Amino acid sequence: MIAYVEGRLAHVSEQAIIVVTDGGVGYEMEVSARTRQGLPQVGGRVSLFTTLLVREDMLRLCAFETVEERSTFDLLTSIPKVGPKLALGILSLYRPAELRRIVAEADVTSLTAVSGVGKRLGETVCRELAYKFKMEESAQMVAEQGGVGSVYHSVLDGLKGLGYSENECASVLQDVLRAQPDLDVASALRAVLQELGRRK
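Residue 6 is where the sequence shown starts when you use this note's numbering, and the numbers rise one by one after that.
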């Protein structure tokens, strides 16, 4: 996994940038318009957080100015019909904090200002991100409480906070912890939510 690239900015185009590391390796990376605008002139030093997308026919490396932007990109690309190009388009127009406000207000109109986002897709993005943001916040909350009580009870409390009943999630949680007993609270919560999502 390539998570961070630091080096000299060798090339900038509308589609991608190339950064050459001190070891002489050049990485071509796609970036949002906002990240591109914050870059130095060609030849300057850059430090970028990255995510590697693996597809059947190609590898795509996308780069971001902040960890928050990268995390938001990862959430966006986990939504059906939102690929890397569209996710970068959304982040070109809105900062992560602005996107959170849009989602909190269910402001579909602002999302449709992004090229390629119609009303129906905008509604889907708002709905999916609202759930994912809530899940993220819950994972953070139970992680901070991880030292109090067992992982099992901390995760169970987090799931209840997300609206799940104990009946529907307790057996799944037990299965997850039985298979992976060393998971911390946040990792266990994510694993249970993924399994519950598959069973829907």
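By construction, the Cβ of each residue, glycine as well, lies at the ideal position given by its N, Cα and C atoms.
Remember, predicted model here, so these are calculated numbers, not experimental data.
- No residue range can be given for Ser83, since it is assigned to no beta strand (DSSP E) and is classified by DSSP as neither H nor E.
- The Cβ atoms of Phe69 and Thr40 lie closer than 8 Å to each other.
- Contact between Arg50 and Arg13 holds, with the beta-carbon distance rounding to 6 Å and staying under 8 Å.
- Proximity of the segment 74 to 88 to the segment 56 to 64 meets the contact definition, three or more beta-carbon pairs being nearer than 8 Å.
- Boundaries of the beta strand (DSSP E) harbouring Leu14: Tyr9 to Val17, taken from the DSSP string.
- For Gly163, the uninterrupted alpha helix (DSSP H) run begins and ends at Val156 to Gly166, by DSSP.
- Restricting attention to alpha helix (DSSP H) runs no shorter than 4 residues, the segment 56 to 113 encloses them at 72 to 82, 89 to 98 and 101 to 109, ordered along the chain.
- For the pair Cys67 and Glu35, the CB atoms are nearer than the 8 Å cut-off.
- Burial check for Tyr9: the Cβ neighbour count within 10 Å stays below 16, so the residue is exposed.
- The secondary-structure analysis by DSSP pairs Arg50 across a beta bridge with Arg13.
- In the three-state DSSP reduction, Gly28 falls in the coil class, being neither helix nor strand.
- As computed with DSSP, Glu35 is found in a beta bridge with Cys67.
- Residue range Val190 to Arg204 is occupied by the alpha helix (DSSP H) that includes Leu201.
- Gln185: not part of any alpha helix (DSSP H); DSSP gives it neither H nor E.
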